[in-house]
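*Asks:* Numbering (the UniProt record's numbering), first residue to last: 1 to 869.
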Ligand code: ARG
Ligand code: ZN
């Protein structure tokens, strides 16, 4: 197979361009015929052979400029087709056959619930026809689709409908033209019997765009929020970046079998239906927010991804980091900026920081890969977005916008690189960002340490910030990075202190972005009468760990008085983390937990200070998660972490009991999916969870029964699912019966049971593998049940190794049918060196069992290889 490591340094431009592609599909589930007519032009060396990518297809015929090619004129191998001696410009017609119904990897053309659909990013197009399947080959596509009308009344591809006709024999045909040159990974085709939800949008320059969301029949009523999100996204991109939609139609198709979240194919986005379908009875507030965010993300790709694409897959963060940043900003503008930031940082710390600190660490622009599907990671996406956000902090909003404008002006219609993006940012602002570029090549989470001193005689406060990035695989020595230090100073009275650096004539505000470029730098502020309280990394401006030994008094002050809401939350998290780490150490040694009074009092004061912002209050009350805590200890002890967190929860519940009860009073509110209403539910459900540690299951059971929306019902069920009480069994059974037949809702039910801390969870999960709600053919179900168990630190890491053995069985069963899903699950073993010796040995054995399996996919081979290295 072609699976040798691919290296960024080896990039070479293609020898040929393909200007025009005409595809003809005769769709049949078992055997689909594909004819590709390619207009090819030599752009490289005159003696270069044409080498096309192709996998898992049957070649039926080849013709060059109208002449059939005899078998001795080309060489067909499992992953490529080589034609030597081709002219400088020619037309190649390729006839092939593929088997969509047998496609369980869900890459290329496959069938989901009787609907033909495609997933071509990153290398799926080579399973549809032979092609230069690389993102720097841009072509204009015309796609003709023929299929039986009764089973496949809807025939879609990219661009505008050019023609449609009946073929007489029960079949029909549609022809689609996409005028925008695009790489093959943005090609899409959908054919099936789907319901269409329609709306319109007028762009600010007056283009009338038809918006169509296609869903399973009967689910039309669940597409409204996605449609609303789409229209708001379109408006936001015009207002924020001046970027308009460029075709007359925009399609979104929701399918139930999809490896990832969604795909930005030009004018024909294909979505995992869990990111489209939402109504009050079936979707939680988190589901609504995810629908909004993913719809926006895929829409925003039309510019950052499609109009300007990536030169090669090492540049993936060029489109993904930037587009994640854009969808985060959209949500911040539409909802609460502070709450959005908190939620994004939580995800970054729970998923990206561990990745960046383990054997799978890689820069946001990786240097090599075996299987590019393995690099659709939290690092490329979420850390990539943080790097973009730092540019915004360093250049400020207007400067960032100037950079975006220049980037679009320079590279529209091109396949670009990360270097070119940063160059546009630099040139538009007259800045040198060469040092900043290190973020693209250096992996690992930087750690900042602080030194502070105050000189009362001169009123001078000095802050020294030092940075150090721990080694990561292949990168033993790290260089200092260029990063924003967003800071403020707070007086003992809680007031922000005007910030005047030595040498400045006047203070410049109370919140500033300093630029750290050296290993260590000192700033001196004057006019600071008394020792201040430092508020640093405001808004989480840089994706770093700040090692600070701030006193409990200072943390408490900042929890209620820091002008930056993110930093108020951060102070609460730091205080809680400190207590939890002490509690973890105590639990491991069988000592009583540390006193919590000071923290609880500070939390109460902070809570009182945010009256009127329930969404923020709910975030304040949420203790650091188990994954985050695991990152903070030398040797992960899952039982001690779980116990310490449980103990602190109980203490908070006792200490805040009156406030928590008060939250739960007041008349019921009618359901609305907006952020403000969701905030009330978030706080009420947070309170319910805490109170259940005091009161037991009765209130949760009552809410479960009375709820008129999924957020309240599911929150109650989640609380019950952590309690070993008869109500738990009753509620789980009721939930199942209420939603029988609704796959998306039953996935929540599977996930909840897989994530439960109760001791019989593994047995439950094993039994659920045979439940009709589960199926190995559907990634959502696998992620809910098997992935949910892998994310259950307490049970996955059971001391007897039963959790590991179970996961190995699942991974090996899935790998032959869907390597992408198998390799995602395999990443759960990545942090094995962080556990005690017994667990390390068990996890290593587990991975070695996988490594020794004949026929293992390159996807899993790469992950297991990196993990064990
Ligand atoms: N570009 C898509 C997105 O951001 C992700 C597609 C990845 N698919 C894959 N099979 N790796 O949103
Ligand atoms: Zn994306």
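Glycine included, C-beta positions come from ideal geometry on N, C-alpha and C.
#1: May I ask you to check if the CB of residue 264 is nearer than 7 Å to at least one heavy atom of the ligand ARG?
#2: Who's in the neighbourhood of the ligand ZN, going by beta-carbon under 6 Å from any heavy atom, listed in chain order?
#3: Do residue 783 and the ligand SAH come close, with the Cβ less than 7 Å from some heavy atom?
#4: Go through its chain and collect everything with a Cβ distance to residue 518's Cβ below 7 Å, but skip five positions before and after it.
#5: In chain order, what residues of the same chain have a beta carbon less than 7 Å from the beta carbon of residue 393, not counting five sequence neighbours either side?
#6: Whole angstroms is fine: what's the gap from residue 1's alpha carbon to residue 23's?
#7: Assign residue 312 to one of two classes, buried (16 or more other C-beta atoms within 10 Å of its C-beta) or exposed (fewer than that).
#8: Beta strand (DSSP E) containing residue 453: first to last residue?
#9: In this structure, how does DSSP classify residue 466 when only helix, strand and coil are distinguished?
#10: Which word fits residue 694, buried or exposed, when buried means at least 16 other C-beta atoms lie within 10 angstroms of its C-beta?
#11: In or out: residue 713 buried (at least 16 other Cβ within 10 Å) or exposed?
#12: Residue 800: which of 769, 782, 791 and 838 sits nearest, CA to CA?
#13: Taking residue 191 and residue 145 to be in contact with their CB atoms under 8 Å, please state how far apart those CB atoms are, rounded to whole angstroms.
#14: Could you compute how far the alpha carbon of residue 4 sits from the alpha carbon of residue 315?
#15: I'd like the span of the beta strand (DSSP E) that includes residue 24, first residue to last.
#16: Are residue 700 and residue 683 close, meaning C-beta to C-beta below 8 Å?
#17: Please confirm if the segment 794–812 is in contact with the segment 843–855, defined as three or more CB-CB distances below 8 Å between the two stretches.
#18: On a CA-only basis, which of 404, 428, 391 and 402 is nearest residue 438? Give me that one, please.
#19: What distance in whole Å lies between the Cβ atoms of residue 93 and residue 45, which are believed to be in contact at a cut-off of 8 Å?
#20: Report the option in 441, 458, 370 and 308 whose CA atom is closest to the CA atom of residue 415.
#21: Contact between the segment 327–342 and the segment 593–611: three or more CB pairs below 8 Å?
#22: Count the C-beta pairs between the segment 107–114 and the segment 64–77 that are closer than 8 Å, then say yes if the count reaches three, no if not.
#23: Going by alpha carbons, who is nearest to residue 419 out of 680, 708, 78 and 434?
#24: Check whether chain D comes within 8 Å of residue 406, counting only Cβ atoms and requiring the distance to be less than that.
#25: Determine the burial state of residue 751: buried for a count of at least 16 other Cβ atoms within 10 Å of its Cβ, exposed for fewer.
#26: From residue 10 to residue 51, what distance separates their C-alpha atoms?
#27: Going by beta-carbon coordinates alone, are residue 38 and residue 18 separated by less than 8 Å?
#28: What does DSSP give as the partner residues of residue 176 in its beta bridges?
#29: Work out the CA separation of residue 175 and residue 163 for me, nearest whole Å.
#30: Let me know if residue 362 comes out buried or exposed under the rule of 16 or more other beta-carbons within 10 Å of its beta-carbon.
#31: Assign residue 382 to one of three DSSP states: helix, strand, or coil.
#32: Tell me whether residue 520 is buried or exposed, calling it buried when 16 or more other Cβ atoms sit within 10 Å of its Cβ.
#33: Ends of the beta strand (DSSP E) at residue 249?
#34: Tell whether a beta-carbon distance below 8 Å holds between residue 633 and residue 835.
#35: Would DSSP call residue 212 helix, strand or coil?
#36: Check whether the Cβ atoms of residue 277 and residue 223 sit closer than 8 Å, and answer yes or no.
*Replies:* Looking at the atomic coordinates:
#1: Relative to the ligand ARG, the nearest heavy atom lies less than 7 Å away from the CB of residue 264.
#2: Taking a cut-off of 6 Å from the heavy atoms of the ligand ZN, the residues with a C-beta inside it are 297, 301, 320 and 323.
#3: Looking for the ligand SAH in the displayed structure turns up nothing; the ligands present are the ligand ARG and the ligand ZN.
#4: Sequence-distant Cβ neighbours of residue 518 in its own chain, meaning closer than 7 Å and more than five residues away, are 480.
#5: Once the five neighbours on either side are set aside, the close Cβ partners of residue 393 are 484, 486, 513 and 541.
#6: Legend: pLDDT at residue 1 = 44, less than 50; position of this residue unreliable, value from coordinates given subsequently. Looking at the two C-alpha atoms, the distance is approximately 27 Å.
#7: With 16 or more Cβ atoms within 10 Å of its Cβ, residue 312 is classed as buried.
#8: 447–455 is the span of the beta strand (DSSP E), which, as asked, contains residue 453.
#9: In the three-state reduction of the DSSP assignment, residue 466 falls in the strand class, which pools E and B.
#10: With fewer than 16 other beta carbons inside 10 angstroms of its own, residue 694 counts as exposed.
#11: The residue is buried, with at least 16 neighbouring Cβ atoms inside 10 Å.
#12: The residue from 769, 782, 791 and 838 with its alpha-carbon nearest to that of residue 800 is 838.
#13: With 8 Å as the limit, residue 191 and residue 145 qualify as a contact, their Cβ atoms being about 6 Å apart.
#14: Going by the C-alpha atoms only, they are around 19 Å apart.
#15: Note, residue 24: beta strand (DSSP E), 16–26.
#16: No, they are not a contact pair.
#17: Cβ pair count under 8 Å is three or more, so yes.
#18: If we check each option's Cα against that of residue 438, 391 comes out closest.
#19: Rounded to the nearest angstrom, the Cβ distance from residue 45 to residue 93 is 24 Å, too far for a contact under 8 Å.
#20: Checking every option, the nearest Cα to that of residue 415 belongs to 308.
#21: No, the segment 327–342 does not touch the segment 593–611.
#22: Of all C-beta pairs linking the segment 107–114 to the segment 64–77, fewer than three are shorter than 8 Å, placing the two stretches out of contact.
#23: With distances taken between CA atoms, residue 419 lies nearest to 434 out of 680, 708, 78 and 434.
#24: Reference to chain D is not applicable here, since this structure consists of a single protein chain.
#25: Residue 751 counts as buried, since no fewer than 16 other beta carbons sit within 10 angstroms of its beta carbon.
#26: Annotation: residue 10 to residue 51 spans about 17 Å, alpha carbon to alpha carbon.
#27: Between residue 38 and residue 18, the CB-CB gap stays under 8 Å.
#28: Answer is 143 and 161.
#29: Rounded to the nearest angstrom, the two C-alpha atoms are 5 Å apart.
#30: Under a 10 Å Cβ-count criterion, residue 362 is classified as buried, with 16 or more other Cβ atoms of the shown protein chains found around its own Cβ.
#31: Residue state, collapsed to three classes: helix.
#32: Exposed, since its Cβ has fewer than 16 Cβ neighbours within 10 Å.
#33: First-last of the beta strand (DSSP E) with residue 249: 249–255.
#34: No, the Cβ-Cβ distance between residue 633 and residue 835 is not below 8 Å.
#35: Of the three classes helix, strand and coil, the one that applies to residue 212 here is strand, per DSSP.
#36: For residue 277 and residue 223, yes; Cβs fall inside 8 Å.
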